[in-house]
Each structure stands twice: as structure tokens, then as C-alpha cells.
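Engineer:
Residue numbers (the working numbering): 23 to 496.
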């Protein structure tokens, strides 16, 4: 049980660390990191060196985190009633995406752009039915005479991504690009079947339970084996850098300069999968069991008469997971972005983007509206508002500060939740620093913006001029 408790805390912390996709980054072309979302996007500098950085994002589909608390006297107490009122019957979702990067390097040669990059990803998708927290909070008496499904579904991946990006400027109106990514996975939980039903007899409170669960893990020991004290299958540091859990993914994209003011960007990312062959286990449970005369209400036990020890052995017997060593494969969550940027003047642009993520047969869409203002070449400030699935509204902000060749940046998808974590359902944060060399634009005077590529001298026929015809940004 200690191992299971540890894993629960680990998954919760992984979720709070941050698959929720970032909404703001895709519409900030002056950041070199945007080319990892839009492979066809050319950077404003011929050489961009990105230093180690961190980003995290999370999304909760059902309730605000403040709904888990109720003010009582001078403090707060846990109360799930408000959160339960916001949950759907069977489609409650919590996703997170954390990314650690050791850096990237981008280099432009005439009409070509090449980049190399590394990212370590932690992805979490946790789906659960409303009945699970409802029974834990209100007790099984709330569902007397009903059969309810209470099993959650957890999918988790930790993997390294080693990427090579190639973009080509076909002409002054069109560029295309691709990111090729070799993957090495070190941690996985892959749920294939997850169904556990409970039925409480209205006469004698007898609980009839049945399970049909099948899931696979990689990089973990048998979490149900109390004789195994370790949670991670190995502490070998080289396993977490490169191993036999290999995969491949690609991103593709295009940028169209429709006219001097309008730019259209589109990309599809993470088309690929990982094959898990090292430190793998499969756990399966198909059983029926009965508990006699129990009123299960562990999270709100006013009479303090619920003793988990009484039924712990029965629960162990109920699931009685049968394990085997098998290889398996997991697909990456595939995402897309389609957007447009309009230059209202040389220092101000606005944009709109439609984004979405596909995973296990479902899509989480979002639409966002952006604005960016440049103050010379030193400071860019931007913001956006976004509408997510189920009507969740975001207010995002971003900033990048250029001090000579050094660029500092910070962005968030929801500043409100960062300021007050109890007031929102999602947010993200990304911080980092870049080194920009050989900027392609002439330096602007303070308070002005540099000329756009279309205002520069055009190449003679048969010759190539090294510039970026898709970057109208200052």
C-alpha cells in the first residue's frame, strides 16, 4: 500500500508540474522556440542558441481548484460538494505536460533553416467517472440499488526527444518544414481496459464488486508486490537518457505569406509512437467479489467508524492482478495549430488560432485571439484570450526582453490561475533565455521597429538573398 500511495503522490506532482498544450507560444514568431511548434517558421536571427529551459501546463476539465475547499472560520476545510456539482458523469479529465530542455541550436543558410533540439517530456492523462470521488466523499449509500462504474483511467509517459528540424523557403510566399524526432521512453502507464463496478444492496448493504482492468507499465516495478520496496525499476542514470524503449515522431508545417500584412501558419505535431521493450509489465484483473454490510465513506467519516483495514485484504483479493512481461506500444498525443497573424502596423499585430489535441479517440479544442506590441527591438509585450472546451476562458500574457544578443522570455496561458491557483482550471508557464546572433533586420532607432523583409532590396533573378520573407515582426 505504501508503494501505491507513493505512486499516487508522484502522479499528482507530475500533474502539478505541468497534456495540456500551450496556447500562447504558437503565435509569438519572434521566439526561436516557436519553430518547434511551427517547423516552417524562420527565426529572425541567423543563429539562435537556446539555453536550458523549463515549461509546464495543466488542464482540469471539470472544476476550479477552489471548489475543493470551503471557508470555515478563519481557515479552509476540504469539501468536494462544489467540485462534484461541476463534474460530468464519465468524462472528467485532468491533463498535464511538463518539458525540460537542455537547449537547442538553429542555423540559417540561404533559404534553408536547420535546428537541433532536446526535450524531456512528462505527459499525464487522467480520466475518471464522477462516481469515484462521489462514493469516496458521500459514501456508497448515495448509490444504493444502482450499479456504478468507479475505475479511473491513467496514461502517463516520460520520454526524451532528440530532434532535427529542417525548413525551406520555397519562395517569398511559402515555406515548409519538418521536425524529425527520435524518442527514448523511460516511464509509462498505459491503460487498455479500466472498468470496476460496485452495487450496494438496498436491504443488507452488501457490496457486489467486479473488475475488468488491463494496464501496462514501463520503468516501474510491480506496484502491487509489497515485498518489492522500490518503485522505479532501475536507478541507472543511463536508462533515463537512452534505452531500448525507442520511438519516432515528426512535426510538419507550412507558413504562407498571403500579402504584406497577412501570414497564415499551420502545423501538425507529434505524429508518432514509442515501443516499450525494457522493464515492462502487464497487469490484468477480472474478478467478482462481495463485501458484507459496509457503508464506505472514507473521506467524510463523521462518526469515525470507517476502518479501511477491515476491507483492505478483500480489495487485494478482488483485484488480484496477474502480471506478465510483455512489450507494448503507445501513441503520442497528436496536436495541431492553424492560425493567422495580421500586421496592423510595423509594431502591432493581431492573430487568431485554432488548436487541438487528439488522444485516445477524443479531441480537446481551443480557439484563441492574440495581440503583440513591439517597443523598438528591446521589448515585446503580448496577450491573448482563449476559449477552451466546455467554455473555459483563459487570459494569457507574454514578454520577451532583448538586451543586446541576449533574449529573456516569459509566458503563461492563464495569468489569473498563476496569481490565484484556486480560481482557474488550467494554466501554463514557460521561462527561458536565448542567444541571438546575426539578426537579419537593420537595427531600429529607439521606439521604432525594423523594416519588414518586403521593404528590403529584392534579389536579382537567379540569385538568392538571405532574408526571412515570413517575418514581418519587428
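Heads up, the beta-carbon is just placed ideally off N, CA and C, and yes, glycines get one too.
Quick check: the Cα distance between residue 70 and residue 237, rounded to an integer number of angstroms?
Structural biologist: So the two alpha carbons sit approximately 42 Å from each other.
Engineer: Closer than 6 Å by C-beta to residue 148: which residues in its own chain qualify, once you throw out the five before and the five after it? Chain order, please.
Structural biologist: Cβ within range, chain order: 116 and 176.
Engineer: Name the DSSP bridge partner or partners of residue 190?
Structural biologist: 134 and 198
Engineer: Might you give, ordered along the chain, the residues of its own chain that have their beta carbon closer than 6 Å to the beta carbon of residue 395, omitting 5 neighbours on each side?
Structural biologist: 370 and 403
Engineer: For the segment 248-268 and the segment 203-218, state whether three or more C-beta atom pairs, one from each stretch, are separated by less than 8 Å.
Structural biologist: yes
Engineer: Between residue 174 and residue 234, what straight-line distance do the alpha-carbon atoms span, to the nearest angstrom?
Structural biologist: Rounded to the nearest angstrom, the two C-alpha atoms are 12 Å apart.
Engineer: CA-CA distance, residue 348 and residue 215?
Structural biologist: Each residue's alpha carbon lies about 16 Å from the other.
Engineer: On the DSSP bridge list, what partners appear for residue 152?
Structural biologist: DSSP lists no partner for residue 152.
Engineer: According to DSSP, what are the bridge partners of residue 451?
Structural biologist: 78 and 434
Engineer: So, residue 435 versus residue 418, is the Cβ gap smaller than 8 Å?
Structural biologist: With contacts defined by Cβ atoms closer than 8 Å, residue 435 and residue 418 form a contacting pair.
Engineer: Look at the alpha carbon of residue 472 and the alpha carbon of residue 397, and state the distance between them as a whole number of angstroms.
Structural biologist: Bear in mind that the predicted position of residue 472 carries a pLDDT of just 47, short of 50, making it unreliable; the figure below should be weighed with that in mind. Just so you know, the alpha carbons of residue 472 and residue 397 end up roughly 11 Å apart.
Engineer: How is residue 373 classed by DSSP in three states: helix, strand or coil?
Structural biologist: strand
Engineer: Helix or strand or just coil, what does DSSP make of residue 260?
Structural biologist: It is helical.
Engineer: How should residue 99 be labelled, buried or exposed, when 16 other C-beta atoms within 10 angstroms of its C-beta is the threshold for buried?
Structural biologist: exposed
Engineer: Can you tell me which of the three DSSP states residue 66 falls into?
Structural biologist: Residue state, collapsed to three classes: coil.
Engineer: Helix, strand or coil: how does DSSP classify residue 441 here?
Structural biologist: helix
Engineer: Pick out the complete beta strand (DSSP E) segments inside the segment 357-427, 3 residues or longer, and give them in chain order.
Structural biologist: 370-381, 384-397, 401-410 and 415-425
Engineer: Determine the DSSP secondary structure at residue 166, reduced to helix, strand or coil.
Structural biologist: strand
Engineer: For residue 416, count the other beta carbons within 10 Å of its own beta carbon; 16 or more makes it buried, fewer makes it exposed. Which is it?
Structural biologist: buried
Engineer: Taking Cβ positions, are residue 428 and residue 457 nearer each other than 8 Å?
Structural biologist: Result yes, Cβ atoms of residue 428 and residue 457 sit closer than 8 Å.
Engineer: Does the beta-carbon distance from residue 276 to residue 196 come in below 8 Å?
Structural biologist: Annotated as proximal: residue 276 and residue 196, with beta-carbon spacing under 8 Å.
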